[in-house]
Amino acid sequence: MQKFFEALANVFRIPDLRNRVLFTLGLLAVYRLGAAVPIPGIDAIKFEEFFSRNQGTLFGFLDLFSGGQFRRLTVFALGIMPYITSSIVLQLLTIVVPTLEKLSKEGELGRRKITQWTRYLTVGLAMFQSLFIATALQSQGNFVLNPGIGFILLTILTLTTGTAFIMWLGEQITERGVGNGMSLIIFAGIVAGLPSAVASMYTNTFVTNIWNPFQVLVILVFMVLVVAFIVLVERGERRIPVQYAKRVVGRRVMGGQSTHLPLKVNAGGVIPVIFASSLLAFPLTLLNVPVISSSKWLSGLLSSIRSGEPLYIILFVSLIIFFSFFYVSIIFNPNEAADNMRKYGGFIPGIRPGKNTAEYMNRILTRI
Numbered sequence: 231m232q233k234f235f236e237a238l239a240n241v242f243r244i245p246d247l248r249n250r251v252l253f254t255l256g257l258l259a260v261y262r263l264g265a266a267v268p269i270p271g272i273d274a275i276k277f278e279e280f281f282s283r284n285q286g287t288l289f290g291f292l293d294l295f296s297g298g299q300f301r302r303l304t305v306f307a308l309g310i311m312p313y314i315t316s317s318i319v320l321q322l323l324t325i326v327v328p329t330l331e332k333l334s335k336e337g338e339l340g341r342r343k344i345t346q347w348t349r350y351l352t353v354g355l356a357m358f359q360s361l362f363i364a365t366a367l368q369s370q371g372n373f374v375l376n377p378g379i380g381f382i383l384l385t386i387l388t389l390t391t392g393t394a395f396i397m398w399l400g401e402q403i404t405e406r407g408v409g410n411g412m413s414l415i416i417f418a419g420i421v422a423g424l425p426s427a428v429a430s431m432y433t434n435t436f437v438t439n440i441w442n443p444f445q446v447l448v449i450l451v452f453m454v455l456v457v458a459f460i461v462l463v464e465r466g467e468r469r470i471p472v473q474y475a476k477r478v479v480g481r482r483v484m485g486g487q488s489t490h491l492p493l494k495v496n497a498g499g500v501i502p503v504i505f506a507s508s509l510l511a512f513p514l515t516l517l518n519v520p521v522i523s524s525s526k527w528l529s530g531l532l533s534s535i536r537s538g539e540p541l542y543i544i545l546f547v548s549l550i551i552f553f554s555f556f557y558v559s560i561i562f563n564p565n566e567a568a569d570n571m572r573k574y575g576g577f578i579p580g581i582r583p584g585k586n587t588a589e590y591m592n593r594i595l596t597r598i
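Just so we're aligned: 540 in our numbering is position 310 of the sequence shown, and the numbers increase by one with no gaps anywhere.
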């Protein structure tokens, strides 16, 4: 605890660190200001009622990553979801497409080129999602004040510009602020929703008496245990011992030390969950399309994969398992790791370098 207060005091003592923290807080404040600016042409009250009936669709998924701004249809309603999707897609394509794989190995220049393509893809995805949202809004209910091509174009322009601005804010925080800008933006959106969640819990406990204090205590304890378990799994890793042979380079003796290769238990992070959620949320959004909603067979099939349904749970778990294996196989190549290890004189004790090392690491990774 003492180290925490010392680190907090250093924020104000060190000029460069102080400037970075203030810069980060300033840009996060600008981001939160956008939460109060709605897109034009929408009846906010009627849209709130519509949104409450479509929580399990893609709309609810977008609202999660926009910090509750999609519910209010602000200029930042899309959040950074297009950027996250673009980054994941290009990261996956880096292994599949030889040109991108070559760029990723060209150092800083190659990374800048990939970042530039990520920005272009982000804008393209934002325009596509904005078009889908605008047309869906017009076909649902009467909360669009002036429907027509003008509303669609204005919505596309507003939401795409908002996403591009959020992307710029995140990059500026990463370069000139503290921490990862995109992660801080997501965190700021989640924290902004905590006061209303706490107020709702207080109302349900002490005003309407829906919950009793014991139930609230059980929920809080369960939340702490879940967070502790998540941290335990996230920090868990399998350490493979690696020994480097001694080499004589000129008059110097290189190598000879022992180290380890860490293989994380949750190497894929939240990426498999994001992929699985987005894939399952998209079909539910199609229920809002008149052609599909009028078909009893299609609407019944799509309704069977609503959140909480048995089929939804089975598909969700299956997709998470699939994407976990798929994503980890892309971000970690045992053959490449084994070749790099052999190139620098490293080996795993008891395992022959080369093919046997790659097979051993692949077997360990699969078991994890």
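Backbone N, C-alpha and C define an ideal beta-carbon position, used for all residues, glycine too.
- One thing to note: Gln359 has its Cβ no nearer than 9 Å to the Cβ of Met397.
- Within the same chain, Cβ atoms closer than 6 Å to the Cβ of Gly407 are found at Arg250, Phe253, Thr254, the five residues on either side in sequence being excluded.
- Taking 9 Å as the cut-off, the beta carbon of Leu322 is found closer than this to the beta carbon of Ile560.
- Annotated three-state conformation of Ile386 is helix, per DSSP.
- Only residues of its own chain outside the window of five on either side were considered, and among them Thr324, Ile325 have a CB closer than 8 Å to the CB of Glu331, listed in chain order.
- Straight-line measurement puts the Cα of Gly400 at about 40 Å from the Cα of Glu589.
- The straight-line gap separating the alpha-carbon atoms of Ala366 and Gly576 is approximately 57 Å.
- Looking only at Pro425, Ser508, Tyr557, the smallest Cα-Cα distance to Tyr542 is reached by Ser508.
- Between the region 384 to 391 and the region 338 to 348, the count of C-beta pairs closer than 8 Å stays below three; the two stretches do not touch.
- Nearest neighbour of Asn496 by Cα position, chosen from Val448, Ser554, Val451, turns out to be Ser554.
- Between the alpha carbons of Arg572 and Leu595 lies a distance of about 19 Å.
- Rounded to the nearest angstrom, the gap between the Cα atoms of Val305 and Leu263 is 10 Å.
- The region 398 to 481 is shown to contain whole alpha helix (DSSP H) runs of 4 or more residues at 411 to 422, 424 to 432, 443 to 465, in chain order.
- With a beta-carbon spacing of about 5 Å, Ile272 and Leu303 fall inside the 8 Å limit used to define contacts.
- The C-alpha of Gln368 is placed about 6 Å away from the C-alpha of Pro377.
- In this structure, DSSP gives Gly498 a state outside helix and strand, which the three-state scheme calls coil.
- Membership of Arg572 in the alpha helix (DSSP H) is indicated by the continuous run 564 to 573.
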